[in-house]
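J.:
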Amino acid sequence: MTSFDVLTVGERVGILGDRRYGIKRKPASTPDEWGPKGKFYVAMNTPVMPAEHPVYNTGLAGPDGMSQLDFDYLTELATRIGVEGPLAVLDTKGKFNLTDDKEPYVSFLNLASVQALDEWLGHEINPARFRMNVWLGDLDPFAELMWVNGYPGTYEFQLGEVRFRVEDVCERCRATEANPETGVYDLPILAALEKMMKERGYAGSPKRKKFEVMGVLARPLNSGKIKKGDSLTFL
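What follows is the structure in structure tokens.
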């Protein structure tokens, strides 16, 4: 996972450049548009994916957007994930992001919540397992869940140049069990989250009453930049 000191947020897209590319599992039946993550090779179905660390360089794009792809790397990746022949890559060209939801959400992770899970499980957990856009410090564990007052939530905050509305918690899938360093499933994150959150008295996610949650999803209400060190202020 690559970290950045400055992120550009698009009101209709989310984080610019985030999840711009997707590798189709069944190219013939997967159109060049947003689709459920199960249609692509992702950590949920291919544990080696989070251990991949391709470099994204916006300066290499040609008019078609595809010229910045390193086809030698894609050939090597195909071998690692067991695909014969060239990979079928969907390039959104920045028109949308291949996130779990069609909405242009930005995801926020409370590092104290990860630490609480770390201590409960008795195993060090790399926050990168959760693949979130923004990491937040100086909060109490799971304080972020109080920001979601229903579905969709209505609480708003300012971060950097951008105003956000917190609309949902982030329900987790098996992707969190894939080690971002080794590319194997190695920790029972989902079972641990479910048991821990029930013990904490959590009532479940507002939309589906799931206990396997970590982080929140917020809708940008304008475009702008956020940078490392910005303070989050509720409005």
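Number 37 in the UniProt record's numbering belongs to position 37 of the sequence shown; there are no gaps in the numbering.
Note that the Cβ used here is the ideal one computed from N, Cα and C, for glycine as well.
(1) Comparing C-alpha positions only, which one of Leu111, Asp18, Val184 and Trp120 sits nearest to Phe4?
(2) Looking at Met44 and Arg174, is the spacing between their C-beta atoms short of 7 Å?
(3) Less than 8 Å between the CB atoms is what I'm expecting for Pro180 and Ala88, so what's the real figure, rounded?
(4) By the three-class DSSP mapping on this structure, what secondary structure does Ile189 have?
(5) Sort out for me which residues DSSP pairs Ala218 with in a bridge.
(6) Hey, how far is the Cα of Ala191 from the Cα of Met132?
(7) What three-state label does DSSP hand Tyr202 in the structure shown?
(8) Can you tell which of Glu124, Gly137 and Gly122 has its C-alpha closest to the C-alpha of Ala112?
(9) Enumerated in chain order, which unbroken segments of the alpha helix (DSSP H) with a length of 4 residues or greater are wholly contained in the region 10 to 87?
(10) Go through its chain and collect everything with a Cβ distance to Glu144's Cβ below 6 Å, but skip five positions before and after it.
(11) Using DSSP with H/G/I as helix, E/B as strand and the rest coil, what is Leu111?
(12) How is the beta strand (DSSP E) around Thr2 delimited, first residue to last?
(13) Using a 10 Å radius around the Cβ and a threshold of 16 neighbouring Cβ atoms, would you call Ala203 buried or exposed?
(14) State the DSSP-derived secondary structure class of Asp91, mapped to helix, strand or coil.
(15) List the DSSP bridge partners of Ile226.
(16) Check this for me: beta carbons of Tyr185 and Glu194, under 7 Å apart or not?
T.: For this structure:
(1) Asp18
(2) yes
(3) Actually they do not touch by this definition, with Cβ atoms about 24 Å apart.
(4) helix
(5) Val106 and Val166
(6) 20 Å
(7) coil
(8) Gly137
(9) 71 to 80
(10) Asn110 and Val216
(11) helix
(12) Counting along the chain, Thr2 falls outside any beta strand (DSSP E), and DSSP gives it neither H nor E.
(13) exposed
(14) strand
(15) Leu7
(16) no
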